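Asker: Be aware that the sequence shown starts at 1022, since it is given in my numbering, and climbs by one per residue.
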Amino acid sequence: MTKADRPMRTPVSARGSHVTARFAAAAAALFLLASCDAANRDEMPADDVPPPVSSTAEPTPVRFDTATLLFITSRDTVTMVAEVADRADERAYGLMDRDELDADAGMIFLYDRIQSQDTGFWMYRTRIPLDIAYFDGAGRIVGIEQMMPCTSIDPGRCSGYAAGVPYFGAVEANRGYFRRNGIAIGDRVVLPGRLGS
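1) Tell me which residues share the same chain as Val-1211 and place their Cβ nearer than 8 Å to its Cβ, disregarding the 5 neighbours each side in the sequence.
2) For Ala-1126, does the three-state DSSP call read helix, strand or coil?
3) If you follow the alpha helix (DSSP H) that Leu-1109 is in, where does it begin and where does it stop?
4) To which residues of the same chain is Tyr-1132 closer than 7 Å at the C-beta, ignoring the five residues directly before and after it?
5) Label Ile-1149 either buried or exposed according to how many other C-beta atoms from any shown protein chain fall within 10 Å of its C-beta, with 16 as the threshold for buried.
6) If you count every other CB in all the chains shown that lies within 10 Å of the CB of Arg-1209, and 16 or more means buried, which is it?
7) Apart from the five residues on each side of it in sequence, which residues of its chain come closer than 8 Å, Cβ to Cβ, to Gly-1197?
8) Quick check: the Cα distance between Ala-1113 and Arg-1096, rounded to an integer number of angstroms?
9) If you reduce the DSSP assignment to three classes, tell me which class Phe-1189 lands in.
10) Distance, Cα to Cα, Gly-1115 vs Asn-1195?
11) How is Ser-1218 classed by DSSP in three states: helix, strand or coil?
12) Could you tell me which residues DSSP pairs with Val-1102 in its beta bridges?
13) For Glu-1166, which option in Thr-1172, Ala-1183 and Cys-1179 has the closest C-alpha, if you only look at C-alpha atoms?
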């Protein structure tokens, strides 16, 4: 997310938990392209990443629509007010540069197609510890991870988190949110009118 809470949405390698300097520069270039031309440039395969640019470029803040998400568990239905990131620039900015996130708030990331298990999220300029739940095209949660904040000005020092499973989208929330609310792998995410309904 970008504003302290939003790890940048960029493919990461499944072979390591740290983003390499080469990857960080490529990710910065990808972010700039996504911000300038989000309608035509969704997440690109690693082979299509443009030449590196300065990693000091500042992403442009993004405004997000909000929606009510439902988590359907075996015992309960949990409601979350979530910001919606369904464009490339929104997914890239995420929860960056934020100092806090309301206890029952989060962000949902939606893609147009299933994403590879080798892609995921990283925590550059993200100051809040987060949980992330990956879900499939039917809204079924297929993986849950915890992500540590990264306040380094060097993107290469920020950890990346590969999903490890194919996914259609993800929900980020404060660390411990899913455990505290009894939300687990196999439960469903419902975004009325768009996902799982």
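No residue lacks a Cβ here, since even glycine has one placed at the ideal position from N, Cα and C. Every value quoted in this text rests on a predicted model; they were computed, and no experiment measured them.
Answerer: In terms of the structure at hand:
1) Result list for Val-1211: Leu-1090, Leu-1091, Phe-1092, Ile-1093, Gly-1160, Gly-1217 and Ser-1218, in chain order.
2) Correct three-state label for Ala-1126: strand.
3) According to the sequence as given, residue 1109 is Ala; it is not Leu. 1109-1114 is the span of the alpha helix (DSSP H), which, as asked, contains Ala-1109.
4) Cβ contact annotation for Tyr-1132 (same chain, cutoff 7 Å, sequence separation greater than five): Phe-1189 and Gly-1190, in chain order.
5) Classification of Ile-1149: buried, given that the 10 Å Cβ count is 16 or more.
6) Burial call: buried.
7) Cβ contact annotation for Gly-1197 (same chain, cutoff 8 Å, sequence separation greater than five): Asp-1152, in chain order.
8) The C-alpha of Arg-1096 is placed about 34 Å away from the C-alpha of Ala-1113.
9) DSSP, read as helix, strand or coil, puts Phe-1189 in strand.
10) Distance from the CA atom of Gly-1115 to the CA atom of Asn-1195, rounded to whole angstroms, is 14 Å.
11) Looking at Ser-1218 - three-state DSSP - the assignment turns out to be coil, as it is neither helix nor strand.
12) Val-1102 is bridged to Thr-1089 and Ala-1126.
13) The option with the nearest alpha carbon to Glu-1166 is Ala-1183.
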